Amino acid sequence: MSRELASLLRLLELDPLDADLYLGDPGAGEDRLFGGLVAAQSVMAAGRTVEAERSLHSLHGYFLRPGRHDLPLRFVVDRIRDGRTFTTRRVQAHQGGEAIFSMSASFCLPEEGISHEGPRPEAPPPEGLPDWEQVRARALGTPERRDALELRMVDPAPMAAGETSPARQRNWMRVRGKLPDDPLVHAALLVYLSDRTLLMTAARPHGLPWGQRSSASLDHSMWIHRPVRLDDWILYAAESPVAHAARGLIFGGLFYRDGPRVASVAQEGLIRRLRTGGEG
Numbered sequence: 001m002s003r004e005l006a007s008l009l010r011l012l013e014l015d016p017l018d019a020d021l022y023l024g025d026p027g028a029g030e031d032r033l034f035g036g037l038v039a040a041q042s043v044m045a046a047g048r049t050v051e052a053e054r055s056l057h058s059l060h061g062y063f064l065r066p067g068r069h070d071l072p073l074r075f076v077v078d079r080i081r082d083g084r085t086f087t088t089r090r091v092q093a094h095q096g097g098e099a100i101f102s103m104s105a106s107f108c109l110p111e112e113g114i115s116h117e118g119p120r121p122e123a124p125p126p127e128g129l130p131d132w133e134q135v136r137a138r139a140l141g142t143p144e145r146r147d148a149l150e151l152r153m154v155d156p157a158p159m160a161a162g163e164t165s166p167a168r169q170r171n172w173m174r175v176r177g178k179l180p181d182d183p184l185v186h187a188a189l190l191v192y193l194s195d196r197t198l199l200m201t202a203a204r205p206h207g208l209p210w211g212q213r214s215s216a217s218l219d220h221s222m223w224i225h226r227p228v229r230l231d232d233w234i235l236y237a238a239e240s241p242v243a244h245a246a247r248g249l250i251f252g253g254l255f256y257r258d259g260p261r262v263a264s265v266a267q268e269g270l271i272r273r274l275r276t277g278g279e280g
């Protein structure tokens, strides 16, 4: 296991403070707290109040305020419903006395039933494709960072201001090491990686490469279709059918390397051009 993945897994180990109340560590960092981390920690908080036989199948979250790295996070879980098949939880993440993320999540028992799906999008294998962190570092002229996730770009993003491309992209993702067998950890990390790269899909047709835009996720929805195992590469295919009034809508699908779709995602985000002297 890489040092980065070990650090991320430690951040998912929330401390119980009271019944349905958990304390989370935001980790070290200088930038704005990654929303995918807060969402993943919220999944862990909700899942710790649910029977182990029930797995996460959907979530709907709103990013309310930017998170910070210098204050702990407090997760409050409301037990909305415990049914025979479905369990519903609501989680509010607080930091510095303010709500920064709100999520509703549903868990269910496995059952037999109808099943169909379309083919996985075509994509070359990840081996030999450009590494996302290396490409980003070259584009921004900054040192290369190493993340708990390895990301390979099938459709490299435009690098120059004014350069455009279609509002779609494909990326391969995997965690840098072997995960524990806890299914909740696998589900939480799938939520974590589902917030990576997604929003930049809507910036592609507008000539806004890294360093030329400010962006923030507004809301995030996810549906998990089959048991989650992050033991190999995941293909993340995304497209943005519409953007207006600085808000872009993106749909995404996550696929196992051998073909099945593991999850679907929808997100709306705020994308603004950087203005001279500051952000728009």
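The numbering used here puts the sequence shown at residues 1 to 280.
Ideal Cβ positions, reconstructed from N, Cα and C, are used throughout, including at glycine.
Computed from a predicted structure; not experimentally measured.
My guess is that residue i and residue j are in contact by the Cβ rule of under 8 Å, so how many angstroms apart are they, rounded?
i, j, result
"Ser-217", "Asp-195", "6 Å"
"Ser-55", "Pro-183", "6 Å"
"Asp-219", "Tyr-62", "5 Å"
"Leu-64", "Phe-34", "15 Å between Cβ atoms; not a contact."
"Leu-151", "Asn-171", "6 Å"
"Thr-164", "Gly-207", "5 Å"
"Gly-24", "Pro-72", "7 Å"
"Asp-311", "Arg-79", "The structure shown does not extend to residue 311, since the chain is modelled only from 1 through 280, so no value can be given for it."
"Gly-308", "Leu-199", "Shown here, the chain extends from 1 to 280; a query on residue 308 therefore has no answer."
Whole angstroms is fine: what's the gap from residue i's alpha carbon to residue j's?
i, j, result
"Val-191", "Ser-7", "17 Å"
"Gly-211", "Gly-97", "32 Å"
"Arg-120", "Leu-109", "26 Å"
"Asp-15", "Ala-123", "41 Å"
"Ala-266", "Ile-250", "6 Å"
"Gly-277", "Glu-112", "Confidence in Gly-277 is poor, its pLDDT being 47 and thus under 50, which makes the residue's placement too unreliable to answer from."
"Thr-201", "Glu-239", "6 Å"
"Ile-234", "Ser-2", "18 Å"
"Glu-51", "Phe-86", "11 Å"
"Pro-125", "Arg-81", "42 Å"
"Glu-268", "Ala-243", "9 Å"
"Leu-270", "Pro-205", "15 Å"
"Ala-286", "Ala-39", "As displayed, the chain neither begins before 1 nor continues past 280, which places residue 286 out of reach and without an answer."
"Leu-254", "Pro-130", "19 Å"
"Thr-88", "Ser-58", "10 Å"
"Asp-231", "Ala-167", "29 Å"
"Gly-224", "Thr-49", "What sits at residue 224 in the sequence shown is Ile, not Gly. Ile-224 and Thr-49: Cα-Cα distance of roughly 19 Å."
"His-283", "Pro-241", "Examination of residue 283 is not possible in this model, given that the chain is present from 1 through 280 alone."
"Met-153", "Glu-127", "10 Å"
"Arg-257", "Ser-106", "26 Å"
"Tyr-236", "Gly-36", "15 Å"
"Ala-246", "Tyr-22", "35 Å"
"Ala-203", "Leu-193", "19 Å"
"Ser-264", "Ala-157", "22 Å"
DSSP three-state call for residue i: helix, strand or coil?
i, result
"Ala-188", "helix"
"Leu-270", "strand"
"Met-153", "strand"
"Met-1", "coil"
"Glu-133", "helix"
"Val-43", "helix"
"Leu-140", "helix"
"Arg-204", "helix"
"Pro-183", "helix"
"Arg-68", "coil"
"Leu-11", "helix"
"Ala-6", "helix"
"Val-38", "helix"
"Leu-56", "strand"
"Leu-193", "helix"
"Glu-279", "With a pLDDT of 38 at Glu-279, under the threshold of 50, the predicted position of this residue should be treated as unreliable, and no value is reported."
"Arg-239", "The amino acid occupying residue 239 in the given sequence is Glu; Arg does not appear at that position. DSSP places Glu-239 in strand when its eight states are reduced to three."
"Thr-87", "strand"
"Ile-114", "coil"
Based on the DSSP secondary-structure assignment, which residues constitute the bridge partners of residue i?
i, result
"Val-265", "Met-222 and Gly-252"
"Arg-74", "Leu-23 and His-94"
"Leu-198", "In DSSP, Leu-198 forms no bridge with anything."
"Ile-234", "Met-173 and Tyr-256"
"His-244", "Arg-247"
"Gly-61", "Met-103 and His-220"
Tell me which same chain residues have a C-beta within less than 6 Å of the C-beta of residue i, skipping the five on either side of it?
i, result
"Leu-5", "Ala-148, Val-175, Arg-176 and Gly-177"
"Gly-47", "Leu-184"
"Gln-169", "Asp-155, Thr-201 and Ala-238"
"Thr-197", "Asn-171"
"Arg-32", "Pro-66"
"Gln-41", "Gly-24"
"Arg-90", "Asp-78, Ile-80 and Ser-104"
"His-94", "Arg-74"
"Ala-99", "Leu-64 and Gln-92"
Leaving out five residues before and five after residue i in sequence, what residues of the same chain have Cβ atoms less than 7 Å from its Cβ?
i, result
"Gly-280", "Any reading at Gly-280 is ruled out, since the residue's pLDDT is 34, under 50, leaving its predicted position unreliable."
"Ala-160", "Pro-209"
"His-69", "Pro-26, Gly-27, Ala-28, Gly-29 and Leu-33"
"Glu-144", "Glu-133, Gln-134 and Ala-137"
"Glu-53", "Leu-109"
"Ile-114", "none"
"Met-44", "Leu-12, Leu-14, Leu-184 and Ala-188"
Can you list, in chain order, the residues of its chain whose CB lies under 8 Å from that of residue i, leaving out five sequence neighbours each side?
i, result
"Arg-10", "Asp-25"
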